[in-house]
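Take 646 as the starting number for the sequence shown in this note's numbering and just add one per residue.
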Amino acid sequence: METRLCTVDPACPDAGVMREAGEILKNGGLVAFPTETVYGLGGDALNSEASRLIYAAKGRPSDNPLIVHIADWEALAPIVQEVPAGARRLAEAWWPGPLTMIFKKSDRVPYETSGGLETVAVRMPDHPVALALIRAAGGYIAAPSANTSGRPSPTTAGHVAEDLSGRIDMILDGGSVRIGLESTIVDFTEEVPVILRPGFINEEMLKTVLGDVKMDPGLQSEDPAVRPKAPGMRYRHYAPKAELSIVEGTPESVVKYIDERVREAERAGKKAAVMASAETAGAYSAGHVHVMGSLNSDEEIANRLYGVLRSFDEDGTDVIFSEAFDSPRMGQAIMNRLLKAAGHRVISV
Ligand code: TXA
Ligand code: MG
Numbered sequence: 646m647e648t649r650l651c652t653v654d655p656a657c658p659d660a661g662v663m664r665e666a667g668e669i670l671k672n673g674g675l676v677a678f679p680t681e682t683v684y685g686l687g688g689d690a691l692n693s694e695a696s697r698l699i700y701a702a703k704g705r706p707s708d709n710p711l712i713v714h715i716a717d718w719e720a721l722a723p724i725v726q727e728v729p730a731g732a733r734r735l736a737e738a739w740w741p742g743p744l745t746m747i748f749k750k751s752d753r754v755p756y757e758t759s760g761g762l763e764t765v766a767v768r769m770p771d772h773p774v775a776l777a778l779i780r781a782a783g784g785y786i787a788a789p790s791a792n793t794s795g796r797p798s799p800t801t802a803g804h805v806a807e808d809l810s811g812r813i814d815m816i817l818d819g820g821s822v823r824i825g826l827e828s829t830i831v832d833f834t835e836e837v838p839v840i841l842r843p844g845f846i847n848e849e850m851l852k853t854v855l856g857d858v859k860m861d862p863g864l865q866s867e868d869p870a871v872r873p874k875a876p877g878m879r880y881r882h883y884a885p886k887a888e889l890s891i892v893e894g895t896p897e898s899v900v901k902y903i904d905e906r907v908r909e910a911e912r913a914g915k916k917a918a919v920m921a922s923a924e925t926a927g928a929y930s931a932g933h934v935h936v937m938g939s940l941n942s943d944e945e946i947a948n949r950l951y952g953v954l955r956s957f958d959e960d961g962t963d964v965i966f967s968e969a970f971d972s973p974r975m976g977q978a979i980m981n982r983l984l985k986a987a988g989h990r991v992i993s994v
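Structure representation (C-alpha cells):
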C-alpha cells in the first residue's frame, strides 16, 4: 500500500484535505494525524474492522484497548453508560486537552476497539487538525499512538513515516507536537478515580478539581503480581536498542559516575551517549551529551524525550546513561516513560 503524506497547516487545515482524510476513515481506512500530545493512528472507532487494521498496522496485541477520540461533548453520552460528576468537572477543566477518561462502555463501541473490555477510554484532543478530522470522519476516531508497538510514540510526521509508511493510507503532517508525552489517563469506573498513566495534567492538577484521586499502584510496584490496570502500561515500551541506565544521586556524583563509565565505554570502542539536564550538561567531558532541557522548565524535557530516544537507534549508539528528571511539574510522567525505556535499570550513586 502506498501511504500519502499530506502537509496541513496545523492552525487552519485545508478543508478539502480534511474532507478527503475523513472519507478514507469512513471507508474503513487508516489516517495518522497530529494531536497536542503525540501523533495518533486513526480509524473509525465504531467500525470493528478498522480497529483490527489498527492493531495489524502497529503490530499491537489486540487485548490492548484503543482510545476513542471525540470533538464535541455531545458525542460522549452515546458511547458510555454514565458520566460521573467528577468526569464532567474534569472535562470542563481540561477538554479539549491531554486527558483521557475511562467509562463503562455502551453497545455502540465494538469490543475490537475496547480490547475486549466493558470499558472505553475517551479523549477530546486539543488540536485543530485532530478536531477537524474527527468531525470529517463522523465523530469517533479510535487512535493509539502512531508508532510500531514497543517504539517511542511519534512526535513528528517523520517518526510516523519511519514506523508505518506502506502500512496505512495517509499521514497528515501538521509539524511537531506541543507536549510530546501521551495524555494522562484517569479511570472513572472505580469508587475513587485512579490515574492509570501520568501525563501533562499531573496529580496535583487533578486533585484540585476532583479532591480525591489515587495513583494506580501497579505503576510503581516492583511486585510482578501487582500489574498496571491499563494493559498498555504492562508492555515493554520506548526502549532503544542500546542499553540505557538511569543514574541518580547528587548532581556532582552523577556527573562523575557517568563521565567515568562513558570513558570506559569509549576506551572499549563503544559509542556512548548521555541524557543530561541543561543545568549539568556542561560538566560532562566525554560522550555525546544530549541537553534535554532545564529542570525548571521540564515541559521541554518531556517534549524532547521521544525524539532523542529514537535518535539512538539511528546513530548507532551502544550505551546510554541518563540523569533522573524528577522535576516537580512533569517529573512523574517523564520518569514513568524513562524507566520503561531503561527497563527499570537504575543506578544509585
Ligand atoms: O495522548 C494520547 O493519549 C495518544 C494520542 C494519539 O491521543 N494516544 C495514546 O494511545 O497514547 P495508546 O493506544 O498508545 O495508549 C492508550 C493507553 C494504553 O495504555 C491502553 O492500554 C490504555 O490507554 N487504555 C485504553 N483503553 C483502556 C481501558 N478501557 N481501560 C484501561 N486502559 C485503557
Ligand atoms: Mg502508545
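Quick reminder that beta carbons are idealized off the backbone N, C-alpha and C, glycines included.
Euclidean distance between Cα positions of residue 882 and residue 752: 31 angstroms
Check residue 859 in the structure and name its three-state DSSP category. strand
Own chain, CB closer than 7 angstroms to residue 862, minus 5 neighbours either side, in chain order: 871
Contact under 8 angstroms by Cβ, residue 968 with residue 899: yes
Beta carbon of residue 789: closer than 7 angstroms to some heavy atom of the ligand MG? yes
Exposed or buried, which one is residue 775 when buried takes at least 16 other CB atoms within 10 Å? buried
Uninterrupted beta strand (DSSP E) stretches inside the segment 766-821 (no shorter than 3 residues): 815-818
With distances taken from CA atoms, which of 990, 957, 894, 931 is nearest residue 971? 894
So what does DSSP say about residue 650, is it helix, strand or coil? strand
In angstroms, rounded to a whole number, what distance separates the CA positions of residue 670 and residue 948? 29 angstroms
Could you tell me the alpha carbon to alpha carbon distance between residue 692 and residue 873, rounded to whole angstroms? 28 angstroms
Work out the CA separation of residue 867 and residue 715 for me, nearest whole Å. 36 angstroms
For the ligand SAH, any of its heavy atoms closer than 7 angstroms to the Cβ of residue 828? Looking at this structure, you won't find the ligand SAH anywhere; what it does contain is the ligand TXA and the ligand MG.
Output the distance between the C-alpha atoms of residue 812 and residue 927, rounded to the nearest integer angstrom. 42 angstroms
Using three-state DSSP, classify residue 688 as helix, strand or coil. strand
Given a threshold of 16 other Cβ atoms within 10 Å of its Cβ, counted over all protein chains shown, does residue 681 qualify as buried or as exposed? buried
Leaving out five residues before and five after residue 697 in sequence, what residues of the same chain have Cβ atoms less than 7 angstroms from its Cβ? 757
Less than 8 angstroms between the beta carbons of residue 703 and residue 727, yes or no? no
If you reduce the DSSP assignment to three classes, tell me which class residue 970 lands in. coil
May I ask you to report which of helix, strand or coil DSSP gives residue 730? helix
Classify residue 763 as buried or exposed, calling it buried when 16 or more other Cβ atoms lie within 10 Å of its own Cβ. exposed
Sequence-distant residues of the same chain with beta carbon closer than 8 angstroms to residue 880, five excluded per side: 706, 709, 794, 795
In the DSSP assignment, find the unbroken beta strand (DSSP E) run with residue 605 in it and report its ends. This structure gives no information on residue 605, because the portion of the chain shown stretches from 646 to 994.
Whose C-alpha, out of 854, 916, 951, is nearest the C-alpha of residue 934? 916
Would you mind sorting residue 659 into buried or exposed? The rule is 16 or more other CB atoms within 10 Å of its CB. exposed
Residue interval of the beta strand (DSSP E) (run including residue 937): 933-938
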